[in-house]
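Please read the structure below before turning to the comments.
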Amino acid sequence: MNRTSVATSDAGIGIFERLESEVRGYIRSFPIVFDRGVGTTLIDADGREYLDFFAGAGALNYGHNNPAFKKPLLDYIQRDGIIHGLDLATSAKKAFIEAFEKYILKPRGLNYKLQFTGPTGANAVEAALKLARQVTKRSNVVAFTNGFHGVSAGALAATGNKKYRTAAGFGLAHVTALPYDGYLGPSVDTLGYFEKLLNDPSSGLDKPAAVILEAIQGEGGIRPASFQWLQRLRDLTMRHEILLILDDIQAGVGRSGKFFSFEAAGIVPDIVTLSKSISAIGTPMALVLLKPELDIWSPGAHSGTNRGNNLAFVAARAALETYWADNKFEDEIAAKSAILADELKSIANDFPNLGFTVRGRGLMYGLVSEADPSLPGQIQAEALRRGLVIETCGGRGEVLKFLVALTITEADLLRGLSIVRESIGAVQASLDNGLAKMTSDMQVDAP
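The numbers in the numbering used here rise by one with no breaks, and the one at position 407 of the sequence shown is 1413.
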């Protein structure tokens, strides 16, 4: 790893500033022209290497250019396999469906039909919401504080973040936001509040078609719901005949430690949305899992030109066969999760003045700075200078987000955590120097 300062030339980044829309986001945190990716290493156009703790915002659970997927993809292209197929039957789609049933559905006793939507997670959410409303003949949906479900109109209505909601340019309707687990503190029963609203004919809450949630909130600040809370929510929705939509777009495909983030809680949602790492190698793909009795779609009622990405099917099948044929991969994730959690707690303890807390599950953790939301951004910048790409999240950017590839080696995991520790030390030293200078200036100015 080359520990050099970020110095990508203006000529490299300038074209993006001159011609790409102001809507661009991640490039502002990582102003680097990246050229290659291998495993958990990103390499820029000048050959500098960066350890990747970002994993494509959760789209690269298996790392960059995983060799287990590259050969099947190259072979498929070489033999002129169908690439664009709408929703036609193709051999690549058939093989993926068979593998998904064999390695994912049957071992977990799940009975879902598969709907291939347009290639984004937001499109899967749109389909899930539309279907729930069709099935129940009700329009309202309950979502939760700090939830993130996408930025297209229907998904955005269920998203909490003000920045994204304001960008809609119009009123967002037919969604009621209720407090997520722990939102009002550990002593407040948020589901008791929800059920009280449902039972009170004067509460003003229209009975929802569905409840949509993430079992572990990602963009909202790495907030895992307790298993008990998830179990009670499943019971509540069943008793009130409300569909439960589990958005597993970021927390799914092994990120939580299990293939699905709801598995450990022992619940079965009515509808599940998947995207990001379901394609395994970063190609666009989205998938809705729905109980068979909910499949009331008329042909073509939720359509889209790119709902048949056969390159994604090829890679996704290879991932299922490589990583999910037995429990070995889950065991490896659990071991690395324990390392990550222990090291983050150690870091928080070693910098008591900064007031960090740690939360998360699996390989989805956050180092939280509620008292000073600016700290994670400062740490992120210091880490980048030291060769580590890492993201922040939360409504105020108050969380340093650890979203490492599930395939990361323990050595690289520890190396990245060491860089984080160094970066926090540099930030604290800067803060201490600033405080010392302020104190000195005050003493000079004193009469």
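Beta carbons are placed, not taken as given, at the ideal position from N, Cα and C, and that holds for glycine.
Span of the beta strand (DSSP E), counted from its first residue to its last, around THR1328 = THR1328 -> not in any beta strand (DSSP E); alpha helix (DSSP H) instead, spanning 1316 to 1329.
Contact check, LYS1407 vs THR1413 under 8 Å by CB: the rounded distance?
-> Actually they are not in contact, since the Cβ atoms of LYS1407 and THR1413 sit about 18 Å apart, beyond 8 Å.
Cβ pair ARG1365, ARG1229 closer than 9 Å | yes
Span of the alpha helix (DSSP H) around PHE1200 | 1196 to 1205
Roughly how many angstroms separate the alpha carbons of GLY1306 and GLU1338, rounded to a whole number?
-> 41 Å
Between which two residues does the beta strand (DSSP E) containing GLN1121 stretch?
-> 1119 to 1122
What span of residues does the beta strand (DSSP E) with ILE1049 cover, start to end?
-> 1047 to 1050
Could you check if GLY1175 is buried or exposed, using at least 16 other CB atoms within 10 Å of its CB as the buried criterion?
-> exposed
Counting only runs that start and end within the segment 1086 to 1144, where is the alpha helix (DSSP H) found for 4 or more residues in a row?
-> 1097 to 1106, 1127 to 1142
Run through the segment 1047 to 1080 for me and flag every whole alpha helix (DSSP H) of 4 or more residues, listed as ranges in chain order.
-> 1061 to 1064
In this structure, does DSSP put GLU951 in helix, strand or coil?
-> This structure gives no information on residue 951, because the portion of the chain shown stretches from 1007 to 1453.
N-terminal and C-terminal residue of the alpha helix (DSSP H) that GLY1383 is part of = 1381 to 1391
Kindly indicate which residue of LEU1025, PHE1122, GLU1028, GLY1031 has the alpha-carbon position closest to the one of ALA1318.
-> PHE1122
Taking the C-alpha atoms as reference points, what is the distance between VAL1374 and PHE1265?
-> 26 Å
Hey, quick one: how far does the alpha helix (DSSP H) through ALA1163 stretch, first residue to last?
-> 1159 to 1163
According to DSSP, is ARG1402 helix, strand or coil?
-> coil
For the alpha helix (DSSP H) that contains PHE1357, what are its first and last residues?
-> No alpha helix (DSSP H) contains PHE1357, which DSSP labels as neither H nor E.
Top-ranked residue by Cα proximity to PHE1233, from THR1243, GLY1226, ILE1222, GLY1227 | ILE1222
In this structure, does DSSP put PHE1022 in helix, strand or coil?
-> helix
Does the segment 1028 to 1046 come close enough to the segment 1058 to 1077 that 3 or more CB-CB pairs lie under 8 Å?
-> yes
So which of ALA1325, THR1151, SER1158, GLY1064 has the shortest CA-CA distance to ASN1167?
-> THR1151
Between which two residues does the beta strand (DSSP E) harbouring LEU1373 extend?
-> 1370 to 1374
My guess is that ASP1093 and ARG1238 are in contact by the Cβ rule of under 8 Å, so how many angstroms apart are they, rounded?
-> About 38 Å; that fails the 8 Å criterion.
Kindly indicate which three-state DSSP category PRO1230 falls into: helix, strand or coil?
-> strand
Decide if THR1126 is buried, meaning its Cβ has at least 16 other Cβ atoms within 10 Å, or exposed.
-> buried
Leaving aside the five residues before and after ASP1058 along the sequence, list all residues of the same chain whose C-beta is less than 6 Å from its C-beta, in chain order.
-> THR1046, LEU1048, VAL1395
State the DSSP-derived secondary structure class of SER1436, mapped to helix, strand or coil.
-> helix
Measure the C-alpha to C-alpha separation of LEU1283 and ASN1129 and round it to an integer number of angstroms.
-> In the sequence on display, residue 1283 carries Ser and not Leu. The alpha-carbon atoms of SER1283 and ASN1129 are separated by roughly 15 Å.
Contact under 9 Å by Cβ, ILE1248 with PRO1207 = no
Which residues mark the beginning and the end of the alpha helix (DSSP H) in which ARG1171 is found?
-> 1168 to 1172
By a C-beta neighbour count over all protein chains shown, 10 Å radius and 16 as the cutoff for buried, is GLY1160 buried or exposed?
-> buried
Starting from the N-terminal side, write out each stretch of the beta strand (DSSP E) that is 3 residues or longer and does not extend beyond the segment 1217 to 1296.
-> 1249 to 1253, 1277 to 1280, 1293 to 1296
List the DSSP bridge partners of PHE1150.
-> LEU1184
At which residues does the beta strand (DSSP E) containing ARG1042 begin and terminate?
-> 1040 to 1044
Taking C-beta to C-beta, are ALA1325 and PHE1075 nearer than 9 Å?
-> yes
Where do the ends of the alpha helix (DSSP H) carrying TYR1032 lie?
-> 1032 to 1035
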